[in-house]
Amino acid sequence: MDDRSAKYRAFFAQLICAAAKTTDPRIEQAFRNVRREPFAGPGPWSITLGGHAYVATPDDDPAFLYQNTLLALDPARGVNIGMPGAHAYWLSGCGIREGETVLQIGAGTGYYTAILAELAGLNGRVYAYEIDERLAGLARENLKGIATVELRERSGIAPDLPAVDVIYVCAGAAQPASEWLEALRPRGRLVFPLAPEGMLGGMLMITRPEQGTAWPAKFLSRAQFIGCAGLQDSETARRLAEAFATGWESVQSLRRGDAPDETCWFAGDGWWLSTAPASVPADNIPPHGDITQA
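First residue of the sequence shown: 141, per our numbering; consecutive thereafter.
Following this line, the structure appears as structure tokens:
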């Protein structure tokens with residue numbers, strides 16, 4: 141079985157990196173190294189392409205796990221292990237380097253936590269936050285053999301977050317949490333779905349500059365996630381739906397403190413997204429993708 145799993149993983153890693161149009165060999169190697177079986181739990185499993193009904197696999201052959209699909213953790217709530225090709229694309233965009241410290245919000249059962257740990261390497265560190273008690277318990281068991289990972293069973297919206305180089309959010313939010321922005325080190329990257337629950341939004345990458353209130357920002361692709369507790373707002377969701385109907389590709393910066401001007405694409409509470417560039421361009425952001433589901 142292990143030999144079959146290794147064969148499936150090798151093909152799977154190539155497949156999703158082709159889907160993500162990434163040429164970073166470290167991303168392919170990370171997906172090749174991490175077995176999905178422990179994180180999926182015992183089969184049969186329920187999978188979906190996103191936006192469609194779940195389909196149950198006929199048995200527990202691990203071949204069904206190594207496809208570019210959503211894999212259900214809790215079908216009733218729509219909680220999944222996200223689309224691998226989409227995550228490979230976003231991970232390529234944020235460019236995690238060896239030795240960096242990463243904060244993950246929404247660890248689920250820990251599959252993408254393990255991928256992040258592979259990318260950060262033996263000298264890196266991953267802090268994984270999961271608020272759901274059942275999922276956090278599974279993640280703790282699944283990740284116990286990875287010394288560079290620390291799982292925290294709590295909300296990832298808190299004033300005592302560790303200082304990090306990358307924040308990778310796996311839950312949709314109607315706004316960037318101020319705690320996330322404050323936790324970023326200079327030149328740190330925040331990648332999160334600006335996508336209130338039940339709405340197709342966009343995976344936004346924000347880079348903290350050395351100084352100034354204009355932060356380089358760009359949507360990597362469209363995205364939809366289960367909602368992040370504490371960052372939902374129905375009125376903001378309504379306005380975001382209208383904003384995404386026009387011009388989301390033109391966003392170039394996040395502004396804080398300044399009053400919105402004629403370049404404003406969307407204004408939140410104390411922050412706004414502008415179509416004008418920040419003074420320092422963001423690095424390693426790929427072209428917009430057509431990946432929509434996670």
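Even glycine gets a Cβ: it sits at the ideal position worked out from N, Cα and C. Every value quoted in this text rests on a predicted model; they were computed, and no experiment measured them.
### I167 in three-state terms, based on DSSP
helix
### Query
Looking at the structure shown, is N220 part of a helix, part of a strand, or coil, going by DSSP?
strand
### Task
Have a look at T353, G352, A407 and T376 and flag the residue whose alpha-carbon is nearest the alpha-carbon of A335.
T376
### For S414, the first and last residue of its enclosing beta strand (DSSP E)
W411 to S414
### Query
Which partner residues does S318 have in the DSSP bridge list?
In the DSSP output, where bridge partners are listed per residue, S318 has none listed.
### Task
Could you tell me which residues DSSP puts in a beta bridge with E290?
Y267
### Query
Can you tell me the Cα-Cα spacing of T347 and R217, whole angstroms?
32 angstroms
### Query
In this structure, what does DSSP give as the bridge partners for Y308?
Q244 and V331
### Residue interval of the alpha helix (DSSP H) (run including G277)
E273 to L283
### Query
From A407, F204 and A416, pick the residue whose C-alpha is nearest to that of P182; which is it?
F204
### Message
Just to confirm the assignment, what range does the beta strand (DSSP E) spanning S390 have?
### Response
Counting along the chain, S390 falls outside any beta strand (DSSP E), and DSSP gives it neither H nor E.
### Query
Among residues of its own chain, excluding the 5 on either side of W320, which ones have a beta-carbon nearer than 6 angstroms to its beta-carbon?
I307 and L330
### Task
Compare the beta carbon distance of Q180 and Y194 with 7 angstroms and say whether it is the shorter of the two.
According to the sequence displayed, residue 180 carries Ala and not Gln. Against a cut-off of 7 angstroms, the Cβ pair of Y194 and A180 comes out as no contact.
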